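What follows is one structure encoded as C-alpha coordinates, with my remarks underneath.
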(Lines of atoms letter the chains of each structure in order from A and count residues from 1; the text may use other names and numbers.)
(Lines give C-alpha, C1' and ligand atoms only; values in the text may rest on other atoms or scores of the structure.)
Protein backbone atom coordinates (compact mmCIF):
# COMPACT_ATOMS: atom_id res chain seq x y z
CA UNK A 1 0.00 0.00 0.00
CA UNK A 2 1.49 3.33 -1.04
CA UNK A 3 1.87 6.36 1.22
CA UNK A 4 -1.18 8.21 -0.19
CA UNK A 5 -3.41 5.18 0.30
CA UNK A 6 -2.23 4.76 3.89
CA UNK A 7 -2.90 8.42 4.60
CA UNK A 8 -6.36 8.21 3.05
CA UNK A 9 -7.18 5.09 5.04
CA UNK A 10 -5.92 6.67 8.26
CA UNK A 11 -8.00 9.80 7.72
CA UNK A 12 -11.06 7.70 6.94
CA UNK A 13 -10.65 5.69 10.13
CA UNK A 14 -10.18 8.87 12.19
CA UNK A 15 -13.29 10.40 10.60
CA UNK A 16 -15.31 7.26 11.29
CA UNK A 17 -14.21 7.28 14.92
CA UNK A 18 -15.13 10.95 15.26
CA UNK A 19 -18.54 10.36 13.68
CA UNK A 20 -19.11 7.43 16.03
CA UNK A 21 -18.21 9.57 19.06
CA UNK A 22 -20.42 12.38 17.77
CA UNK A 23 -23.36 10.01 17.32
CA UNK A 24 -22.92 8.46 20.78
CA UNK A 25 -22.54 11.85 22.46
CA UNK A 26 -25.50 13.23 20.50
CA UNK A 27 -27.73 10.41 21.71
CA UNK A 28 -26.67 11.05 25.31
CA UNK A 29 -27.25 14.79 24.94
CA UNK A 30 -30.74 14.25 23.51
CA UNK A 31 -31.98 11.38 25.65
CA UNK A 32 -29.63 10.93 28.63
CA UNK A 33 -28.48 14.46 29.38
CA UNK A 34 -28.26 13.79 33.12
CA UNK A 35 -25.24 11.56 32.43
CA UNK A 36 -23.38 14.61 31.11
CA UNK A 37 -24.06 16.88 34.10
CA UNK A 38 -21.24 16.85 36.66
CA UNK A 39 -22.27 19.51 39.16
CA UNK A 40 -22.60 18.94 42.90
CA UNK A 41 -20.47 15.80 43.03
CA UNK A 42 -18.16 16.70 45.93
CA UNK A 43 -18.95 14.75 49.09
CA UNK A 44 -20.10 16.79 52.10
CA UNK A 45 -21.39 16.39 55.63
CA UNK A 46 -24.68 18.08 56.48
CA UNK A 47 -23.94 20.15 59.58
CA UNK A 48 -27.27 21.98 59.75
CA UNK A 49 -30.53 21.07 58.03
CA UNK A 50 -33.11 23.78 58.65
CA UNK A 51 -36.52 24.47 57.20
CA UNK A 52 -34.94 26.39 54.32
CA UNK A 53 -31.26 27.00 55.04
CA UNK A 54 -28.64 24.28 55.46
CA UNK A 55 -24.91 24.20 56.16
CA UNK A 56 -22.48 21.79 54.49
CA UNK A 57 -19.00 20.80 55.56
CA UNK A 58 -16.42 19.73 52.98
CA UNK A 59 -13.53 17.82 54.53
CA UNK A 60 -10.22 16.76 53.05
CA UNK A 61 -10.55 14.85 49.77
CA UNK A 62 -9.69 11.14 49.95
CA UNK A 63 -7.25 11.41 47.05
CA UNK A 64 -3.62 12.45 47.39
CA UNK A 65 -4.12 15.08 44.68
CA UNK A 66 -6.92 16.70 42.70
CA UNK A 67 -7.14 17.58 39.02
CA UNK A 68 -7.38 21.26 38.12
CA UNK A 69 -9.13 22.96 35.23
CA UNK A 70 -5.96 23.06 33.10
CA UNK A 71 -5.40 19.31 33.44
CA UNK A 72 -2.60 19.62 35.99
CA UNK A 73 -2.72 18.05 39.45
CA UNK A 74 -2.44 19.71 42.86
CA UNK A 75 -1.37 17.75 45.96
CA UNK A 76 -3.72 17.78 48.95
CA UNK A 77 -2.55 19.84 51.94
CA UNK A 78 -3.24 17.46 54.83
CA UNK A 79 -2.40 19.98 57.54
CA UNK A 80 -5.55 22.05 57.90
CA UNK A 81 -5.69 25.76 58.67
CA UNK A 82 -6.81 26.66 62.22
CA UNK A 83 -9.36 29.20 60.95
CA UNK A 84 -12.21 27.59 58.96
CA UNK A 85 -13.56 29.12 55.76
CA UNK A 86 -17.26 29.81 55.19
CA UNK A 87 -18.45 30.20 51.58
CA UNK A 88 -21.57 32.31 51.10
CA UNK A 89 -23.33 32.16 47.70
CA UNK A 90 -25.76 34.83 46.52
CA UNK A 91 -29.50 34.37 46.58
CA UNK A 92 -31.23 33.13 43.45
CA UNK A 93 -28.58 30.54 42.55
CA UNK A 94 -27.99 26.93 43.57
CA UNK A 95 -25.09 25.57 45.59
CA UNK A 96 -23.63 24.21 42.34
CA UNK A 97 -22.11 27.68 41.93
CA UNK A 98 -19.27 26.57 44.19
CA UNK A 99 -19.25 22.93 43.04
CA UNK A 100 -19.81 23.20 39.30
CA UNK A 101 -17.58 20.34 38.08
CA UNK A 102 -14.92 18.16 39.72
CA UNK A 103 -12.11 20.20 38.11
CA UNK A 104 -13.97 23.50 38.65
CA UNK A 105 -15.18 23.13 42.23
CA UNK A 106 -14.36 25.93 44.65
CA UNK A 107 -15.35 23.85 47.69
CA UNK A 108 -13.12 20.98 46.57
CA UNK A 109 -10.25 23.33 45.78
CA UNK A 110 -10.37 25.14 49.13
CA UNK A 111 -10.64 21.86 51.05
CA UNK A 112 -7.61 20.58 49.12
CA UNK A 113 -5.73 23.75 50.06
CA UNK A 114 -6.13 22.84 53.73
CA UNK A 115 -9.16 24.89 54.71
CA UNK A 116 -11.96 23.39 56.75
CA UNK A 117 -14.56 24.48 54.24
CA UNK A 118 -18.21 25.20 55.00
CA UNK A 119 -20.92 26.23 52.56
CA UNK A 120 -24.13 28.06 53.44
CA UNK A 121 -26.99 26.59 51.40
CA UNK A 122 -29.84 29.11 51.22
CA UNK A 123 -32.18 26.38 50.00
CA UNK A 124 -34.84 26.66 47.33
CA UNK A 125 -37.30 29.37 48.39
CA UNK A 126 -40.93 29.10 47.37
CA UNK A 127 -43.77 31.62 47.33
CA UNK A 128 -44.26 31.22 51.08
CA UNK A 129 -40.69 32.48 51.58
CA UNK A 130 -41.22 35.66 49.55
CA UNK A 131 -41.46 37.75 52.73
CA UNK A 132 -37.88 36.96 53.81
CA UNK A 133 -35.84 40.15 53.92
CA UNK A 134 -32.26 41.33 54.34
CA UNK A 135 -32.37 41.04 58.11
CA UNK A 136 -33.62 37.45 57.85
CA UNK A 137 -30.73 36.46 55.59
CA UNK A 138 -27.84 38.64 56.79
CA UNK A 139 -28.51 38.53 60.53
CA UNK A 140 -30.83 35.68 61.53
CA UNK A 141 -30.01 32.92 59.04
CA UNK A 142 -26.32 33.69 58.48
CA UNK A 143 -25.92 34.17 62.24
CA UNK A 144 -27.44 30.73 62.89
CA UNK A 145 -25.18 29.19 60.25
CA UNK A 146 -22.03 30.69 61.79
CA UNK A 147 -23.07 29.56 65.27
CA UNK A 148 -23.41 25.99 64.04
CA UNK A 149 -20.12 26.18 62.12
CA UNK A 150 -18.28 27.33 65.23
CA UNK A 151 -19.80 24.50 67.21
CA UNK A 152 -18.84 21.93 64.56
CA UNK A 153 -15.32 23.24 63.92
CA UNK A 154 -14.45 24.09 67.51
CA UNK A 155 -13.10 27.43 66.30
CA UNK A 156 -14.40 30.83 67.36
CA UNK A 157 -12.52 32.57 64.58
CA UNK A 158 -13.74 32.17 61.02
CA UNK A 159 -13.21 33.58 57.53
CA UNK A 160 -16.03 34.51 55.16
CA UNK A 161 -15.96 34.46 51.35
CA UNK A 162 -18.91 35.49 49.22
CA UNK A 163 -19.65 36.12 45.57
CA UNK A 164 -21.99 38.89 44.40
CA UNK A 165 -24.86 39.24 46.88
CA UNK A 166 -23.16 36.59 49.02
CA UNK A 167 -20.28 38.97 49.65
CA UNK A 168 -22.70 41.76 50.46
CA UNK A 169 -24.52 39.52 52.96
CA UNK A 170 -21.16 38.84 54.65
CA UNK A 171 -20.50 42.56 54.95
CA UNK A 172 -24.01 43.37 56.16
CA UNK A 173 -23.77 40.63 58.79
CA UNK A 174 -20.44 41.87 60.10
CA UNK A 175 -21.70 45.45 59.96
CA UNK A 176 -24.52 44.50 62.31
CA UNK A 177 -22.63 42.32 64.80
CA UNK A 178 -19.07 43.73 64.53
CA UNK A 179 -17.77 40.32 65.55
CA UNK A 180 -14.04 40.43 66.44
CA UNK A 181 -13.80 36.71 65.62
CA UNK A 182 -14.65 37.15 61.94
CA UNK A 183 -11.00 37.45 61.07
CA UNK A 184 -11.07 37.64 57.25
CA UNK A 185 -13.61 38.58 54.58
CA UNK A 186 -13.22 37.97 50.83
CA UNK A 187 -15.76 39.50 48.45
CA UNK A 188 -16.00 38.76 44.73
CA UNK A 189 -17.99 41.08 42.43
CA UNK A 190 -20.09 42.44 45.29
CA UNK A 191 -22.05 45.64 44.50
CA UNK A 192 -21.26 48.54 46.83
CA UNK A 193 -21.21 51.97 45.13
CA UNK A 194 -24.71 51.92 43.67
CA UNK A 195 -24.89 55.72 43.56
CA UNK A 196 -22.23 55.95 40.86
CA UNK A 197 -24.58 54.97 38.04
CA UNK A 198 -21.92 52.70 36.51
CA UNK A 199 -22.90 49.19 35.54
CA UNK A 200 -26.25 47.48 35.14
CA UNK A 201 -26.96 47.14 38.87
CA UNK A 202 -26.24 50.80 39.62
CA UNK A 203 -28.22 51.88 36.56
CA UNK A 204 -31.24 49.87 37.64
CA UNK A 205 -30.88 51.27 41.15
CA UNK A 206 -30.97 54.86 39.92
CA UNK A 207 -33.92 54.24 37.59
CA UNK A 208 -35.83 52.37 40.29
CA UNK A 209 -35.16 55.08 42.84
CA UNK A 210 -36.30 57.82 40.48
CA UNK A 211 -39.42 55.93 39.47
CA UNK A 212 -40.32 55.13 43.07
CA UNK A 213 -39.95 58.77 44.10
CA UNK A 214 -42.05 59.91 41.14
CA UNK A 215 -44.84 57.47 41.95
CA UNK A 216 -44.82 58.34 45.65
CA UNK A 217 -45.00 62.07 44.87
CA UNK A 218 -48.24 61.72 42.91
CA UNK A 219 -49.91 58.73 44.57
CA UNK A 220 -50.26 57.12 47.98
CA UNK A 221 -48.25 54.12 46.82
CA UNK A 222 -45.10 53.37 48.79
CA UNK A 223 -42.73 50.60 47.77
CA UNK A 224 -42.11 49.62 51.37
CA UNK A 225 -45.84 49.13 51.88
CA UNK A 226 -46.23 46.61 49.05
CA UNK A 227 -46.69 42.91 49.72
CA UNK A 228 -43.23 41.30 49.24
CA UNK A 229 -44.90 38.37 47.46
CA UNK A 230 -45.72 40.73 44.59
CA UNK A 231 -42.05 41.71 44.27
CA UNK A 232 -40.50 38.23 44.24
CA UNK A 233 -38.45 37.46 41.14
CA UNK A 234 -39.48 34.11 39.58
CA UNK A 235 -36.77 31.58 38.65
CA UNK A 236 -37.02 32.26 34.90
CA UNK A 237 -36.33 35.96 35.51
CA UNK A 238 -33.32 35.18 37.69
CA UNK A 239 -32.02 32.92 34.93
CA UNK A 240 -32.47 35.69 32.36
CA UNK A 241 -30.56 38.20 34.50
CA UNK A 242 -27.56 35.90 34.96
CA UNK A 243 -27.51 34.80 31.32
CA UNK A 244 -27.30 38.43 30.26
CA UNK A 245 -24.04 38.83 32.18
CA UNK A 246 -22.13 36.56 29.73
CA UNK A 247 -21.10 34.00 32.36
CA UNK A 248 -17.88 32.53 30.96
CA UNK A 249 -16.68 35.28 28.70
CA UNK A 250 -18.32 34.00 25.50
CA UNK A 251 -21.72 32.78 24.40
CA UNK A 252 -21.65 29.17 23.27
CA UNK A 253 -24.16 28.72 20.46
CA UNK A 254 -25.83 25.53 19.35
CA UNK A 255 -23.56 25.56 16.30
CA UNK A 256 -20.55 25.54 18.62
CA UNK A 257 -22.16 22.64 20.44
CA UNK A 258 -22.60 20.67 17.22
CA UNK A 259 -18.99 21.23 16.13
CA UNK A 260 -17.73 20.03 19.53
CA UNK A 261 -20.12 17.11 19.83
CA UNK A 262 -17.33 14.56 19.37
CA UNK A 263 -15.45 15.96 22.39
CA UNK A 264 -16.99 14.34 25.47
CA UNK A 265 -15.35 16.70 27.97
CA UNK A 266 -16.49 19.83 26.09
CA UNK A 267 -19.99 18.40 25.94
CA UNK A 268 -19.96 17.74 29.69
CA UNK A 269 -18.79 21.29 30.38
CA UNK A 270 -21.46 22.77 28.11
CA UNK A 271 -24.24 20.58 29.53
CA UNK A 272 -23.26 21.23 33.15
CA UNK A 273 -23.06 25.00 32.72
CA UNK A 274 -26.34 25.10 30.77
CA UNK A 275 -28.08 23.03 33.43
CA UNK A 276 -26.76 25.36 36.15
CA UNK A 277 -27.95 28.49 34.34
CA UNK A 278 -31.35 27.01 33.52
CA UNK A 279 -32.10 26.11 37.13
CA UNK A 280 -31.92 29.41 38.97
CA UNK A 281 -34.16 30.02 41.98
CA UNK A 282 -36.87 32.40 43.12
CA UNK A 283 -35.48 35.68 44.50
CA UNK A 284 -37.37 36.68 47.69
CA UNK A 285 -39.43 39.84 47.34
CA UNK A 286 -38.58 40.99 50.86
CA UNK A 287 -34.90 41.18 49.96
CA UNK A 288 -35.61 43.08 46.74
CA UNK A 289 -37.85 45.44 48.70
CA UNK A 290 -35.10 46.16 51.23
CA UNK A 291 -32.53 46.58 48.48
CA UNK A 292 -34.73 49.06 46.62
CA UNK A 293 -35.88 51.06 49.64
CA UNK A 294 -32.82 51.11 51.90
CA UNK A 295 -29.72 49.93 50.07
CA UNK A 296 -30.39 51.41 46.63
CA UNK A 297 -33.07 54.00 47.23
CA UNK A 298 -31.30 56.13 49.79
CA UNK A 299 -27.71 55.35 48.85
CA UNK A 300 -26.89 54.14 52.34
CA UNK A 301 -24.55 51.39 51.19
CA UNK A 302 -22.02 53.67 49.53
CA UNK A 303 -21.89 55.75 52.73
CA UNK A 304 -21.18 52.75 54.91
CA UNK A 305 -24.33 52.65 57.05
CA UNK A 306 -27.42 50.65 56.08
CA UNK A 307 -30.67 50.46 58.02
CA UNK A 308 -31.88 46.85 57.98
CA UNK A 309 -35.19 46.65 59.80
CA UNK A 310 -34.44 47.69 63.37
CA UNK A 311 -30.71 47.04 62.91
CA UNK A 312 -28.01 49.36 61.63
CA UNK A 313 -25.27 47.72 59.58
CA UNK A 314 -22.15 49.83 60.07
CA UNK A 315 -19.84 48.77 57.30
CA UNK A 316 -17.58 51.72 58.09
CA UNK A 317 -16.74 50.09 61.44
CA UNK A 318 -15.70 46.71 60.02
CA UNK A 319 -12.05 45.97 60.82
CA UNK A 320 -11.75 42.38 59.59
CA UNK A 321 -8.97 41.77 57.07
CA UNK A 322 -10.52 42.36 53.65
CA UNK A 323 -9.76 41.21 50.11
CA UNK A 324 -12.14 42.41 47.39
CA UNK A 325 -12.22 41.22 43.77
CA UNK A 326 -13.95 42.56 40.66
CA UNK A 327 -14.34 41.06 37.19
CA UNK A 328 -12.41 42.87 34.47
CA UNK A 329 -15.33 42.66 32.01
CA UNK A 330 -18.19 42.62 34.51
CA UNK A 331 -21.09 44.66 33.08
CA UNK A 332 -23.33 44.00 36.08
CA UNK A 333 -20.92 45.09 38.83
CA UNK A 334 -17.97 46.96 37.25
CA UNK A 335 -14.76 47.31 39.23
CA UNK A 336 -15.62 50.87 40.31
CA UNK A 337 -18.76 49.55 42.02
CA UNK A 338 -16.95 46.72 43.85
CA UNK A 339 -13.84 48.70 44.79
CA UNK A 340 -15.76 51.18 46.95
CA UNK A 341 -15.79 48.77 49.91
CA UNK A 342 -12.05 49.33 50.39
CA UNK A 343 -12.74 53.02 51.03
CA UNK A 344 -15.60 52.29 53.42
CA UNK A 345 -14.31 49.69 55.90
CA UNK A 346 -12.05 50.58 58.82
CA UNK A 347 -9.78 47.58 58.21
CA UNK A 348 -6.03 48.20 58.31
CA UNK A 349 -5.36 45.13 56.16
CA UNK A 350 -7.44 45.60 53.00
CA UNK A 351 -6.81 45.10 49.30
CA UNK A 352 -8.63 45.30 45.96
CA UNK A 353 -7.79 43.18 42.90
CA UNK A 354 -9.18 42.87 39.37
CA UNK A 355 -9.48 39.38 37.87
CA UNK A 356 -10.34 38.17 34.34
CA UNK A 357 -13.97 37.47 33.51
CA UNK A 358 -17.45 38.88 33.67
CA UNK A 359 -19.85 38.72 36.59
CA UNK A 360 -20.06 34.92 36.63
CA UNK A 361 -16.82 34.14 34.83
CA UNK A 362 -14.83 35.77 37.63
CA UNK A 363 -15.96 33.03 40.03
CA UNK A 364 -16.72 29.96 37.83
CA UNK A 365 -14.87 30.70 34.58
CA UNK A 366 -11.80 28.83 33.31
CA UNK A 367 -9.45 31.54 34.63
CA UNK A 368 -11.10 31.89 38.05
CA UNK A 369 -9.10 29.04 39.57
CA UNK A 370 -5.79 30.86 39.22
CA UNK A 371 -6.98 34.45 39.30
CA UNK A 372 -9.42 34.30 42.24
CA UNK A 373 -9.41 30.91 43.98
CA UNK A 374 -5.64 30.49 44.26
CA UNK A 375 -5.07 34.13 45.18
CA UNK A 376 -7.80 33.98 47.83
CA UNK A 377 -6.35 30.77 49.27
CA UNK A 378 -2.84 32.27 49.39
CA UNK A 379 -4.15 35.46 51.01
CA UNK A 380 -6.26 33.57 53.55
CA UNK A 381 -3.47 31.12 54.41
CA UNK A 382 -1.25 33.99 55.53
CA UNK A 383 -4.05 35.23 57.81
CA UNK A 384 -5.47 31.96 59.13
CA UNK A 385 -2.54 30.52 61.04
CA UNK A 386 -2.30 29.52 64.68
CA UNK A 387 0.39 32.14 65.42
CA UNK A 388 -1.97 34.96 64.50
CA UNK A 389 -4.69 33.35 66.61
CA UNK A 390 -2.34 33.10 69.57
CA UNK A 391 -1.38 36.77 69.31
CA UNK A 392 -5.03 37.81 69.34
CA UNK A 393 -5.98 35.56 72.25
CA UNK A 394 -3.02 36.39 74.50
CA UNK A 395 -4.53 39.51 76.19
CA UNK A 396 -7.65 37.50 77.09
CA UNK A 397 -5.79 35.66 79.89
CA UNK A 398 -6.07 38.66 82.19
CA UNK A 399 -9.65 39.64 81.37
CA UNK A 400 -11.29 36.53 79.99
CA UNK A 401 -14.68 37.18 81.63
CA UNK A 402 -14.98 40.62 80.11
CA UNK A 403 -13.91 39.34 76.72
CA UNK A 404 -16.46 36.51 76.96
CA UNK A 405 -19.31 38.93 77.65
CA UNK A 406 -18.19 41.14 74.80
CA UNK A 407 -18.23 38.16 72.44
CA UNK A 408 -21.72 37.18 73.53
CA UNK A 409 -22.99 40.70 72.93
CA UNK A 410 -21.48 40.57 69.46
CA UNK A 411 -23.23 37.30 68.66
CA UNK A 412 -20.08 35.15 68.89
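Residue numbers (my numbering): 3 to 414. Where is the CB? At the ideal position from N, CA and C, for every residue including glycine. Predicted model, so just to flag it, every value in this text is computed and none were measured.
Nearest to residue 172 by C-alpha distance, out of 143, 241, 72 and 197, is 143. Note on geometry: alpha-carbon atoms of residue 48 and residue 140 lie some 21 Å from one another.
By the criterion of a C-beta distance shorter than 7 Å, residue 241 is surrounded in its chain by 279, 280 and 282, once the five residues flanking it on both sides are discounted. Using a 10 angstroms sphere on the CB of residue 336, the tally of other CB atoms reaches 16 or more, which defines it as buried. At the C-beta level, residue 234 and residue 287 come within 8 Å of one another. Here the alpha carbons of residue 320 and residue 168 stand approximately 17 Å from one another.
Here residue 358 is not near residue 341, since their CB atoms are 8 Å or more apart. As DSSP reads the structure, residue 163 sits in a beta bridge with 89 and 188. When the beta-carbon positions are compared, residue 87 and residue 157 stay at least 8 Å from each other. For residue 302, the uninterrupted alpha helix (DSSP H) run begins and ends at 302-305, by DSSP.
Secondary structure within the segment 72-155: the beta strand (DSSP E) runs of 3 or more consecutive residues, fully enclosed, are 75-77, 87-90 and 119-123 (chain order). Taking residue 84 as the centre and dropping the five residues before and after it, the same chain places the C-beta of 157, 386, 387, 388 and 391 closer than 7 Å to its C-beta, in chain order. Residue 105 holds the alpha-carbon nearest to the alpha-carbon of residue 76 among 57, 105 and 91.
By the criterion of a C-beta distance shorter than 8 Å, residue 313 is surrounded in its chain by 137, 141 and 178, once the five residues flanking it on both sides are discounted.
For the set 82, 55, 349 and 126, the Cα lying nearest the Cα of residue 182 is the one of 349. In this structure, the straight-line span from the alpha carbon of residue 110 to that of residue 101 is close to 7 Å. Where residue 67 is concerned, the enclosing beta strand (DSSP E) starts and stops at 67-69. Judged by beta-carbon spacing, residue 44 lies beyond the 8 Å limit of residue 89, meaning their Cβ atoms are not closer than that value.
Shown here, residue 242 sits in a helix according to DSSP, grouped into three states. Counted as a single uninterrupted DSSP element, the beta strand (DSSP E) harbouring residue 324 occupies residues 323-329. According to the DSSP assignment, residue 48 belongs to the beta strand (DSSP E) that extends over 47-51. Annotated three-state conformation of residue 234 is coil, per DSSP.
When 347, 377 and 150 are compared, the shortest CA-CA separation from residue 195 is found for 347. Only residues of its own chain outside the window of five on either side were considered, and among them 54, 55 and 56 have a CB closer than 7 Å to the CB of residue 125, listed in chain order. Cβ neighbours of residue 285 within its own chain (closer than 7 Å, five residues either side excluded): 93, 94, 234, 235 and 240. Assigned with DSSP and collapsed to three states, residue 320 falls in coil, not helix or strand. In this structure, the alpha-carbon of residue 377 lies about 18 Å from that of residue 322.
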